[in-house]
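Below is one structure; the comments refer to it alone.
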Amino acid sequence: SPAPPEAVGWECDKLSPEGADAHFAGYIGNSGVIETPPDFMFVDWTVIDGYTMHHPPKALGQTVLNAFYYEALNRAAEVYDFLDKSEKAEECRVKAKQFHIDFNREFFDADRQLYFDGKNGDYGGDDPNHLPANSDKRYFSKYPNILVCAYGLTDDNSAKDILRRIIFDDTMQDIQPYF
81 SPAPPEAVGW ECDKLSPEGA DAHFAGYIGN SGVIETPPDF MFVDWTVIDG
131 YTMHHPPKAL GQTVLNAFYY EALNRAAEVY DFLDKSEKAE ECRVKAKQFH
181 IDFNREFFDA DRQLYFDGKN GDYGGDDPNH LPANSDKRYF SKYPNILVCA
231 YGLTDDNSAK DILRRIIFDD TMQDIQPYF
């Protein structure tokens with residue numbers, strides 16, 4: 081059934097024909113990626129450096145959220161194609177293409193040849209259960225790197241290299257079966 085009138089956030093706009101755009105457009109910063117969401121969503125049931133990945137700080141959850149958004153744009157294009165709404169499908173593809181560029185510019189670490197988990201800086205802290213204060217540490221975990229490879233945010237050769245390195249890197253915390 082439709083969301084009640086008092087619903088906020090995703091609940092009120094998930095049935096919108098605009099889909100992901102209706103929800104995420106206001107969170108995209110000048111960098112072209114999601115910068116200022118109300119939280120960084122559930123990633124996994126793990127804890128890293130005392131931060132729960134249930135609702136991690138920006139430094140641990142931003143890249144995952146952005147990867148999901150990129151995939152949502154691609155899936156939305158497929159849905160619009162199915163519905164014979166080619167203009168909307170093309171809009172999604174154009175946004176996804178630009179987002180791919182922005183994502184790689186913002187989250188790829190050329191020295192480590194991996195994607196980091198999110199940006200540092202002052203963000204969050206108002207709600208420690210859903211948006212904890214951000215960390216000053218740069219994190220590299222398996223989460224964003226797996227999604228980058230799965231969603232085509234890097235080329236196949238780079239994806240193979242990334243996966244080989246993160247699978248055998250015992251300094252990275254293992255993911256839970258949920259993820």
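For the sequence shown, the working numbering begins at 81 and goes up steadily by one.
Each residue gets a CB set at the ideal place from its N, CA and C atoms; glycine is no exception.
These figures come from a predicted structure and were not determined experimentally.
Of the listed residues L140, D249, V123, nearest to S75 (C-alpha basis): In this structure the chain extends from 81 to 259, so residue 75 is not present and cannot be described.
According to DSSP, residues forming a beta bridge with I128: Counting from 1 along the sequence shown, the entry for residue 128 is found at position 48. I128 pairs with Y131.
Distance CB(T234)-CB(I246) smaller than 9 Å: For the purposes of this step, residue 234 is taken as residue 154 along the sequence shown, with counting starting at 1. For the purposes of this step, residue 246 is taken as residue 166 along the sequence shown, with counting starting at 1. Contact check for T234 against I246 fails: the beta carbons are separated by 9 Å or more.
Top-ranked residue by Cα proximity to S300, from Q256, I114, D161: The chain is shown only over 81 to 259; residue 300 falls outside these bounds and no answer can be derived.
Same chain, Cβ closer than 7 Å to G204, neighbours up to 5 away in sequence not counted: In the sequence shown, counting from the first residue as 1, residue 204 sits at position 124. Taking G204 as the centre and dropping the five residues before and after it, the same chain places the C-beta of P137, K138, L211, P212, A213, N214 closer than 7 Å to its C-beta, in chain order.
Inter-residue Cα distance where the pair is R218 and K165: Within the sequence shown, the letter at position 138 stands for residue 218. Within the sequence shown, the letter at position 85 stands for residue 165. R218 and K165 have their C-alpha atoms some 41 Å from each other.
Neighbour-count burial assignment, P117, 16 or more Cβ in a 10 Å radius: Position 37 of the sequence shown, counted from the first residue, corresponds to residue 117. A residue is called buried when at least 16 other Cβ atoms come within 10 angstroms of its Cβ; P117 meets this threshold and is buried.
Boundaries (first-last residue) of the alpha helix (DSSP H) holding G141: Counting from 1 along the sequence shown, the entry for residue 141 is found at position 61. Its alpha helix (DSSP H) spans residues 138-162.
Of the residues D119, E115, D101, the one placed nearest P208, counting alpha carbons only: Within the sequence shown, numbered from 1, the residue matching residue 208 stands at position 128. Distance check between P208 and each of D119, E115, D101 places D119 closest, using alpha-carbon atoms only.
Spatial distance of I114 from N146 (CA atoms): Locating residue 114 in the sequence shown gives position 34, where the first residue counts as 1. Locating residue 146 in the sequence shown gives position 66, where the first residue counts as 1. Cα to Cα, I114 sits roughly 6 Å from N146.
Three-state secondary structure assigned by DSSP to F122: Within the sequence shown, residue 122 is the residue found at index 42, counting from 1. Three-state result, F122: coil.
Cβ neighbours of V159 in the same chain (closer than 7 Å, five flanking residues each side left out): Counting from one through the sequence shown, the residue named residue 159 turns up at place 79. If we look at V159 and ignore the five residues flanking it on each side, it has no Cβ neighbours.
Start and end residues, alpha helix (DSSP H) containing K262: With the chain represented from 81 up to 259, any question about residue 262 goes unanswered, as that position is not in the structure.
Bridge partner(s) assigned by DSSP for I114: Numbered from 1 along the sequence shown, position 34 holds the residue referred to as residue 114. I108.
Burial state of K177 (16 or more Cβ within 10 Å): The count along the sequence shown starts at 1 and reaches residue 177 at position 97. Counting C-beta atoms within 10 angstroms of its own C-beta, K177 has fewer than 16 neighbours from the protein chains shown and is therefore classed as exposed.
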